[in-house]
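Comments concern the structure below.
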Amino acid sequence: MDRLATLPRTSTNVYQRDNWDTKPAGSKNELTALGLEAAKGNVFAYQNLVNHTDFLDGVIRTSKWICRHSAIEAEELLSEFFLRLPQKIRKYGNRNGASILSWTSGVLRHLHIDLLRRQWRENDKVEYLDLVAVENERTVDTADSRIALKQAFNNLSQREKTLIALRWREETLDEVVAGIDNVTDPKEIQNRRPKISRELKAAEKKLQDALNGINTGRLQGLKGPARADY
47 MDRLATLPRT STNVYQRDNW DTKPAGSKNE LTALGLEAAK GNVFAYQNLV
97 NHTDFLDGVI RTSKWICRHS AIEAEELLSE FFLRLPQKIR KYGNRNGASI
147 LSWTSGVLRH LHIDLLRRQW RENDKVEYLD LVAVENERTV DTADSRIALK
197 QAFNNLSQRE KTLIALRWRE ETLDEVVAGI DNVTDPKEIQ NRRPKISREL
247 KAAEKKLQDA LNGINTGRLQ GLKGPARADY
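Quick note: the sequence shown uses my numbering, first residue 47, plus one each step.
Right, dumping it as C-alpha cells:
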C-alpha cells in the first residue's frame, strides 16, 4: 500500500492532482503553503511537497550537514525522516513565520538525537563520561550526556583525540608530551609541556562545553525554528 494513503484527507479544500503545477516553485513561501495544506490532510499537497526538488535538496543538505561525519548515518536519518513524515507533518504550523524547510530541519535534528540514543543503547560501550576530567564534570550519567560527549569527541581532531586518550592512559603530563610528540629527551619534554598543556585543556573544554550545551537543549549547537512543533 502507498504510504501516502495513510495521510487522511481532513482539509475542506482538497486540491485535485491536475491543478498542481509540476514545475519547481522556487519559493520557500510556496513550499510552506504546500506544507500547510499537507498538515490539513491534503494528500496531493503532500505528494507535491515530498517530490519537490527544492524540498528534497533542502532535506538532503540538512541531513548531510547533521551527519557530516558519516554518510551512512545521513542515509539512515533520511530514511527515518521520510518514514515518520506522514505523521509528523500533521503537527506543522508556520507560527512566528517558521518555513517548512526550517521546520524539517528541526525534525531532522530531533530524529538524529533519537537515532543516536538507539545506537548508544544497542552498540556503544565507550565510557564517554570518562573523557571529561572529574574536577570539571557537572552532569549526571544519562543517555543525553553520553550522546553529547560522543558527538563532541567525534568532532575533535585526531591529535586532540590522541591527547585525551593519552591523558587517561598515562600518569603524568610528561608522559603525555612524550607520547603525543614522540620525544624522549627530558629537556625537550619540559620545553613542550606548556604548549601541550594548553592543547589538552582546549580539547577538554570542547567536551565540557558539550555537556553544558545539554542544559540549553543544543546537542547540535543549533537553535531550532521558533516555537515549532515536531
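The beta-carbon is built from N, C-alpha and C at its ideal position, and this holds for glycine as well.
>> Looking at the secondary structure, which residues open and close the alpha helix (DSSP H) in which I226 lies?
In response: Your numbering for residue 226 matches position 180 in the sequence shown. From DSSP, the alpha helix (DSSP H) with I226 extends over L219 to D227.
>> Are the CB atoms of L162 and I193 within a distance shorter than 7 Å?
In response: If you number the sequence shown from 1, residue 193 lands on position 147. If you number the sequence shown from 1, residue 162 lands on position 116. Yes, the pair counts as a contact, with Cβ atoms nearer than the cut-off.
> From T230 to L154, what distance separates their C-alpha atoms?
Replying inline: Residue mapping note: residue 230 aligns to position 184 of the sequence shown, counting from 1. Residue mapping note: residue 154 aligns to position 108 of the sequence shown, counting from 1. Straight-line Cα distance between these residues: approximately 49 Å.
> For E83, is the classification buried or exposed, using 16 other Cβ atoms within 10 angstroms of its Cβ as the cut-off for buried?
Replying inline: Within the sequence shown, numbered from 1, the residue matching residue 83 stands at position 37. Classification of E83: buried, given that the 10 Å Cβ count is 16 or more.
>> The alpha helix (DSSP H) that contains S125, what's its start and end?
In response: Position 79 of the sequence shown, counted from the start, is the residue given in the question as residue 125. Residues A117 to K134.
>> Measuring alpha carbon to alpha carbon, tell me which residue in D160, S145 and S116 is nearest F127.
In response: One-based indexing of the sequence shown puts residue 127 at position 81. The shortest C-alpha separation from F127 is found at D160.
> When the Cα of H115 is compared with those of D190, F199, G87 and V96, which residue comes out closest?
Replying inline: The residue you call residue 115 lines up with position 69 of the sequence shown. The residue with the shortest Cα to Cα distance from H115 is F199.
> T78: buried (16+ other C-beta within 10 angstroms of its C-beta) or exposed?
Replying inline: Counting from 1 along the sequence shown, the entry for residue 78 is found at position 32. Classification for T78: buried.
> What three-state label does DSSP hand T78 in the structure shown?
Replying inline: Locating residue 78 in the sequence shown gives position 32, where the first residue counts as 1. Note: T78 maps to helix in three-state DSSP.
> Can you tell me whether DSSP reads P87 as helix, strand or coil?
Replying inline: Reading the sequence shown from its first residue, position 41 is the one you call residue 87. The question names Pro, but residue 87 is Gly in the sequence shown. Correct three-state label for G87: coil.
>> For L257 and L212, what's the separation of their Cα atoms in angstroms?
In response: In the sequence shown, the residue the question calls residue 257 occupies position 211. In the sequence shown, the residue the question calls residue 212 occupies position 166. The alpha-carbon atoms of L257 and L212 are separated by roughly 21 Å.
> By Cβ distance, which residues of its chain are closer than 6 Å to K134, with the 5 residues on each side in sequence left out?
Replying inline: Position 88 of the sequence shown, counted from the start, is the residue given in the question as residue 134. For K134, where only same-chain residues beyond five positions count, the Cβ hits under 6 Å are V153.
>> Checking 7 Å against the spacing of the C-beta atoms, do A91 and R136 come in under that value?
In response: Here residue 91 refers to the residue found at position 45 when the sequence shown is read from its first residue. Here residue 136 refers to the residue found at position 90 when the sequence shown is read from its first residue. Contact flag unset, no.
> Of the residues V223, N94 and L124, which one's Cα is nearest the Cα of S243?
Replying inline: Position 197 of the sequence shown, counting from 1, holds the residue named residue 243. Of the listed residues, the one whose Cα sits closest to S243 is V223.
> Do you know how far the Cα of W149 is from the Cα of A249?
Replying inline: The residue you call residue 249 lines up with position 203 of the sequence shown. The residue you call residue 149 lines up with position 103 of the sequence shown. Looking at the two C-alpha atoms, the distance is approximately 33 Å.
>> Quick check on T230: does DSSP put it in helix, strand or coil?
In response: By 1-based counting over the sequence shown, the position of residue 230 is 184. In this structure, T230 counts as coil in the three-state DSSP scheme.
> Taking all protein chains shown into account, do 16 or more other C-beta atoms lie within 10 angstroms of the C-beta of S125, making it buried, or fewer, making it exposed?
Replying inline: The residue given as residue 125 occupies position 79 in the sequence shown. Under this definition S125 is an exposed residue.
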